[in-house]
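> Structure in structure tokens, see below.
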Amino acid sequence: MKYILSIDAGTTSSRAILFDKKGQAKATAQYEFPQYFPKESWVEHNAKEIWTTQLKAIQDVIASEGISIEDISAMGITNQRETTVIWDRTNGEPVHNAIVWQDRRTASICTELQEHSSIFLNKTGLVLDAYFSGTKIKWILDSHPSLRKRAEAGELAFGTIDSWLIWNLTEGKVHTTDVTNASRTLLFNIHSLEWDGELLNLLDIPSSLLPKVVSSSEVVGKTAASILGKAIPISGIAGDQQAALFGQLCINPGDVKNTYGTGCFCIMNTGEKAVVSQNKMLTTIGWQLNGKVTYALEGSVFIAGALVQWLRDQLQIIDTAPEIEALANSVNDNGGITFIPALSGLGAPYWDPEATGAIMGITRGTQKGHIARAALEAIAMRSRDIIIEMQKDAGVSFDSLKVDGGASNNDLLMQIQANLLNKNVIRPYTTETTALGAAFFAGLAVDFWKNEEQLKAIWKENKAFHPIKDSTTQACIDLWEERIPKALKSK
Ligand code: ADP
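Structure, rendered in structure tokens:
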């Protein structure tokens, strides 16, 4: 067998990638699907559209030149997390549009439940927030009494996107999810590894809706032969950020990766210890492999690459995102500018939803290049804010930060990050780390790869950025620390 088929079910597109033994992508297919915004702050997907685009991507990859389905050893799945699907167990039809992780409609449910927030935190490692699946399920059942009745009668099934795809791939034979996805629902006890009766009661969710929870790397079933022409074992499941952590081979406590996309997602491996954050970072399950659970701390910055988009689309000082690098390189420093990137409030560790963005320190000498440079510094400073708190929470220090995501291709941004953190920043050859992580989980379960040692031979560094000590770095930090408090609104 030559390949592992990795399914990357993202927020805006369905992708399939075939990896060979060396971890190289041999075939790729991708289809976007529509996003629905029925009301302010509501975001929905049509789960059927997710399934049909995903199936098309899988079929395309299998039909690629030189590929035979006989050569596919197993399938791994990674997915946008928290997005909530409820469907009818008899005909597999969704009974409601999927409510996407970005959807904020359940914020008021979270406020009502606030007195129980410590119970949720202690059991799930999560802050009580609309982001997670639990309140989304509650909203669907509360808003549609007929669906609540059917849920109570055991007629309906809940799943995150992994469960939904596996249900369809197995023609309804398997209803399952893995520990990483379960750990994002607000319903799963990350210490006992069980759905939690008390949390289900608090959210008024019948347990009959729930999938069976499995590890991240084991055979959970086979694809129905009628769908792909051959039964392929499904042997790896993980939420996208956890898959990326594993795909980056952050397998030791203290290993940390940061993904630079629209926002930044930073995750640190904390080993067998579920570290409870003092700074509202999330405690989550990294993976469960060979019976052993690895925990992680997660912090996110909502605005990162989005800042570059803003310079492109609103201020229009660049035409494409990568152009920001040359513009920022047209000056030697930030010229005394600080860009406060609070375009939608400021998250951890400031937690000020009312804060608004600012460009501070403008003089007659200020050039476009200074603003571009300050924007890159702002992305790196927000990641630094989070990473410093994570290190404090975890009580470990690390040498190198592994990076991926669209904006990690910006060499200047990566060098600024290394300087500001005073750590090495390491970019891998393949930035498809999410899909690769799912392939790793699937491949380990079927002996496609024997162990983590073999995986280490696959992970290749593209470029390392070593910290350079210069006066601009400290000046940037000093200005940031002086100016951030001026941008905060909530006292
Ligand atoms: P997502 O998965 O969130 O859509 P991607 O990983 O595809 O994000 O990265 C896209 C984001 O990265 C966009 O916000 C874009 O502005 C930013 N970006 C892409 N290339 C660069 C670059 N060379 N320098 C800075 N930002 C970039």
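Here my numbering is used: the first residue of the sequence shown is 69, the next is one more, and so on. Each residue gets a CB set at the ideal place from its N, CA and C atoms; glycine is no exception. Quick caveat, the model's predicted, so the values are computed rather than measured.
1) Does the beta-carbon of Ser251 have 16 or more other beta-carbons within 10 angstroms, so that it is buried, or is it exposed?
2) Looking only at its own chain, which residues have a Cβ that is under 7 Å from the Cβ of Thr541, when we skip the five neighbours before and after it?
3) My guess is that Phe516 and Ala221 are in contact by the Cβ rule of under 8 Å, so how many angstroms apart are they, rounded?
4) Can you tell which of Val288, Leu383, Ala555 has the C-alpha that lies nearest to the C-alpha of Gly425?
5) Within 10 angstroms of the Cβ of Phe200, are there 16 or more other Cβ atoms? Answer buried if so, exposed if not.
6) Here's the rule I'm using: 16 or more other beta-carbon atoms within 10 Å means buried, otherwise exposed. How should Leu504 be labelled?
7) Taking 9 Å as the threshold (C-beta atoms), are Val242 and Ile229 in contact?
8) With respect to 8 Å, is the separation between the Cβ of Arg380 and the closest non-hydrogen atom of the ligand ADP below this value?
9) Would you mind working out which of Met458, Gln522, Asp479, Ala416 sits nearest Val369, comparing C-alpha positions?
10) By the three-class DSSP mapping on this structure, what secondary structure does Glu161 have?
11) Drop a sphere of 10 angstroms on the beta-carbon of Thr351, count the other beta-carbons inside from all chains shown, and report buried for 16 or more, exposed for fewer.
12) Among the candidates Leu365, Arg157, Ser476, whose CA atom is the shortest distance from the CA of Lys460?
13) Comparing alpha-carbon positions, which option in Val247, Ala219, Tyr99, Lys528 lies nearest Asp272?
14) Which residue spans inside the stretch 500-549 form an unbroken alpha helix (DSSP H) run of at least 4?
15) Which runs of the alpha helix (DSSP H) at least 4 residues long sit entirely within the stretch 94-174? Give them in chain order.
16) Could you check which residue in Ala312, Val493, Lys204, Asn114 has the C-alpha nearest to that of Asp479?
17) Measure the Cβ-Cβ separation of Thr179 and Leu254 and say whether it is below 9 Å.
18) Should Met69 be labelled buried (16 or more other beta-carbon atoms within 10 Å of its own) or exposed?
19) How big is the Cα-Cα spacing for Ala293 and Val399?
On the basis of the coordinates in this document:
1) Locating residue 251 in the sequence shown gives position 183, counting from the first residue. Within a 10 Å sphere around the beta-carbon of Ser251 sit 16 or more other beta-carbons, which makes this residue buried.
2) As a working mapping, residue 541 is identified with position 473 in the sequence shown. Asn487, Leu488, listed in sequence order.
3) Residue 516 sits at position 448 when you count from the first residue of the sequence shown. Residue 221 sits at position 153 when you count from the first residue of the sequence shown. The pair is not a contact, with the Cβ atoms about 42 Å apart (cut-off 8 Å).
4) Here residue 425 is taken as the residue at index 357 of the sequence shown, counted from 1. The shortest C-alpha separation from Gly425 is found at Ala555.
5) Position 132 of the sequence shown, counted from the first residue, corresponds to residue 200. Result: buried.
6) Locating residue 504 in the sequence shown gives position 436, where the first residue counts as 1. Classification for Leu504: buried.
7) Looking up residue 229 in the sequence shown gives position 161. Looking up residue 242 in the sequence shown gives position 174. Val242 is positioned such that its CB atom lies no closer than 9 Å to that of Ile229.
8) Indexing the sequence shown from 1 puts residue 380 at position 312. Yes, the ligand ADP has a heavy atom inside 8 Å of this Cβ.
9) As a first step, residue 369 is located in the sequence shown; it is residue number 301 there, counting from the start. The closest CA to that of Val369, considering only Met458, Gln522, Asp479, Ala416, is found on Ala416.
10) For the purposes of this step, residue 161 is taken as residue 93 along the sequence shown, with counting starting at 1. DSSP places Glu161 in coil when its eight states are reduced to three.
11) Against the sequence shown, residue 351 aligns to sequence position 283. The residue is buried, with at least 16 neighbouring Cβ atoms inside 10 Å.
12) Reading the sequence shown from its first residue, position 392 is the one you call residue 460. Looking at the Cα atoms, Leu365 is the closest of the given residues.
13) Mapped onto the sequence shown, residue 272 falls at position 204. The candidate whose alpha carbon is nearest that of Asp272 is Ala219.
14) Listed in chain order, they are 501-513, 520-524.
15) Within the stretch 94-174, the complete alpha helix (DSSP H) segments of 4 residues or longer fall at 115-130, listed in chain order.
16) On the sequence shown, position 411 is the one that residue 479 refers to. Among Ala312, Val493, Lys204, Asn114, the Cα nearest to that of Asp479 is on Val493.
17) Reading the sequence shown from its first residue, position 111 is the one you call residue 179. Reading the sequence shown from its first residue, position 186 is the one you call residue 254. Taking 9 Å as the Cβ cut-off, Thr179 and Leu254 do not qualify as a contacting pair.
18) Position 1 of the sequence shown, counted from the first residue, corresponds to residue 69. Around the beta-carbon of Met69, fewer than 16 other beta-carbon atoms lie within 10 Å, marking it exposed.
19) Along the sequence shown, read from residue 1 onward, the residue named residue 293 stands at position 225. Along the sequence shown, read from residue 1 onward, the residue named residue 399 stands at position 331. Roughly 59 Å separates the two Cα atoms.
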